[in-house]
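Beneath this line is the structure, given in structure tokens, with notes to follow.
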Amino acid sequence: MATEGTEAKIEALVLTDPPAANDATPAATEATPSDPTAPVAPSAASKSKPKKQDKERKDQKAGAKSKPQQQSKKTDSSTDTKSITEKKSGDLSEWYQQVILKGEMLDFTDIPGCYIYQPASYRIWEFITEFFNARIRKMGVKNCYFPLFISEANLQREKDHIEGFAAEVAWVTEGGKTKLEKRLAVRPTSETAMYSFYAKKIRSHRDLPLKMNQWNNVVRWEFKHAVPFLRSREFLWQEGHTAHLTEEEAGKEVLEILDHYAAIYEELLAVPVVKGVKTKNEQFPGAHYTTTIEGFIPAVGRGIQAATSHCLGQHFAKMFDITVEDPNQQIEAGAKRDKLHVWQNSWGFTTRSIGVMILVHGDDRGLVVPPRVAEIQVVIVPAGITAKTTEAEREQLYDEVYKIKQTLEAADVRVELDLREGYTPAFKWAEWELKGVPLRLEFGPKDAANGVVTTARRDIEGRDGKGTIPVADIATGVPALLETIQADLFKRAEKEYAEHRKEVTEWKDFVPTLNAKNVLLVPHCLGGECEDEIKKDSAANSESGEVDARAPSMGAKSLCIPAEQPGAFKEGQLCINPKCGKKAEKWVMFGRSY
Ligand SMILES: [Zn+2]
């Protein structure tokens, strides 16, 4: 349902070269060769599969038509270490790839665009699932499951819908050695899979509203540029499908779901979003209207569609003949009531959200995972153990460390204790930072003597991010600090997004402001052709300006009509497009986008 596979052609953030890991570990020390836990970094790209990696690299490259400057990065990657060697402000694509691989969020397979979700990223997905399920159950939505395959006849029943998806449907044509009589589509979304059933299930207005949701995978075999999480051939999502008696009731639900989607981003992932409605040009194929939340990637100044909730109107109900008798119609005794087509909604939230989170919060040291979705929230690293430390002293310290761990676990903190031998604390710190663990606790003899643990926040580098909490208070102090980190991550991202949402009313400022890594709020006529013209003209003009070198030709498209409008237009305000000349209807958010 989310249209994120259909239209945009990504020209940046194209992944080309999964690095073959070279497990040099600069910060590691005196590990003996026989030590099975020696710091051959448990890094992402596996050493044991060089062939696969090579093949993958080739495939990714072929698919991505990689450009020379991206290929040259390979040299950097192949002499790689466990730390991130590219700056976020440098080649974002290279940075992103290193962060997700070395941070063990995801790995590649031998099929381009199909990825392995490692436990750290899948856990985030589980948090999202739990959060959203709790909310939709309160709305009366029930979870269910429909088949992966859709018959061609069913898929073709809504014309606009199939047109929107035709280019990216994967088909099954053979079973074993037998050619199928009728090919089967692998679902790109399930409207057409579900609505024949809805026609059967909905017999009377008493069967309404019908609210079903499924958590599943879908396949969209379209893109040229695969980007892990953001744009993949197979991805995970939930798709909700509901039927209502009236447009009003359906419309109310569309917005309620959009609020829940915004809450997942803002309350769990600490990522700010802007709520709005898509223009006709950008709405879901077959929808009456599409509401959306739009995120922002500051590093490149681009918008990104975060999730969408659609009112499908009665289009599908007409194609699938989903009707009830009008319960409100006054009729003579014995007469038949008129049939009404139901009003339907569909809404989807995908694993793309994890990629957005990584792009927004990650830094030059790796992942930064918000505490509420972190698989590991706190890592305890013992400190101050030297050659002079006696066995008894060490044991005493470890005893106290174990107690700290137990206390935190009892307080529902997800905590890991790093007692690996043969690594310096500095090496361990760097590794947990790479994985984005929100809070590190250091505990050594000095801390023990003072009755405190030393805290080090992942989101604030160096001394500024350090503090202490009395050991006696950790059961409340640590959860409180985690919540502070969560809140601060959101606040920083929100401020950055707000600063990069610029109101522009004159065309001469449009492209320069766009090139300064902003999204724009502009007066617009809401005309589709005008929108296309803006996209074309902002692309052509940007070649002379200072833009992202990897995507010099990309124009700005409409991201949404924000629900919260900046304010009234001045009298007689025209559309920003000088070739248009029509009256401005709304402030519309335009930007380059993923
Ligand atoms: Zn216009």
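For the sequence shown, the numbering used here gives the first residue as 1107, with consecutive numbering after it.
The C-beta atom is built at its ideal place from N, Cα and C for all residues, glycine as well.
Here the structure is a predicted model, which means the values were calculated and not measured.
In summary, K1384 is buried, with 16 or more beta-carbon neighbours lying within 10 Å of its beta-carbon over all protein chains present.
Leaving aside the five residues that flank N1319 on each side, the residues in its chain whose CB is nearer than 8 Å to its CB run, in chain order, I1242, V1247, K1248, N1249, C1250, Q1344, E1345, G1346, H1347. K1663 has its CB no nearer than 7 Å to any heavy atom of ligand 1.
At least one heavy atom of ligand 1 is found less than 7 Å from the C-beta of N1683. Here Y1508 is exposed, its C-beta having fewer than 16 other C-beta atoms within 10 Å.
For L1626 and A1405, the gap between their C-alpha atoms comes out near 16 Å. Beyond the five residues adjoining it in sequence on each side, P1294 comes within less than 7 Å, by CB distance, of F1271, E1274, V1275, V1324, V1325, R1326 in the same chain, given in chain order. Three or more Cβ pairs closer than 8 Å define a contact, and the stretch 1612-1624 falls short of that threshold against the stretch 1464-1481. At a Cβ-Cβ threshold of 8 Å, H1421 and S1452 do not count as neighbours.
Contact annotation: the stretch 1635-1645 touches the stretch 1685-1695, with at least three C-beta pairs closer than 8 Å.
Comparing C-alpha distances from D1427 to each of R1309, A1493, C1220 shows the shortest one belongs to R1309. Put simply, the backbone Cα of L1198 is about 16 Å away from that of R1337. Taking the Cβ atoms as the reference, G1468 lies roughly 18 Å from H1606, outside the contact range of under 8 Å. In the DSSP annotation of this structure, M1660 is not part of any beta strand (DSSP E), being labelled neither H nor E.
N1434 and E1355 have their C-alpha atoms some 15 Å from each other. The Cβ neighbour count for I1580, taken over all protein chains shown within 10 Å, is at least 16; the residue is labelled buried. Measuring C-alpha to C-alpha distances from Y1395 to each of K1511, A1226, S1699, I1667 identifies I1667 as the nearest.
The alpha-carbon separation between V1379 and E1372 amounts to approximately 7 Å. By the Cβ neighbour-count rule, A1662 is buried, with 16 or more other Cβ atoms within 10 Å of its own. For V1377, the closest of K1541, I1460, F1214 by C-alpha to C-alpha distance is I1460.
Taking the C-beta atoms as reference points, G1573 is found no nearer than 8 Å to T1582.
In this structure I1486 touches D1524 by the C-beta definition: roughly 7 Å separates them, less than 8 Å. Excluding the 5 residues flanking it on each side, I1222 has same chain C-beta neighbours closer than 8 Å at L1212, D1213, F1214, T1215, in chain order. Close CB contacts of H1447 within its chain, under the 8 Å cut and outside five residues either way in sequence, are with Q1420, A1423, K1424, I1428, T1429 (chain order).
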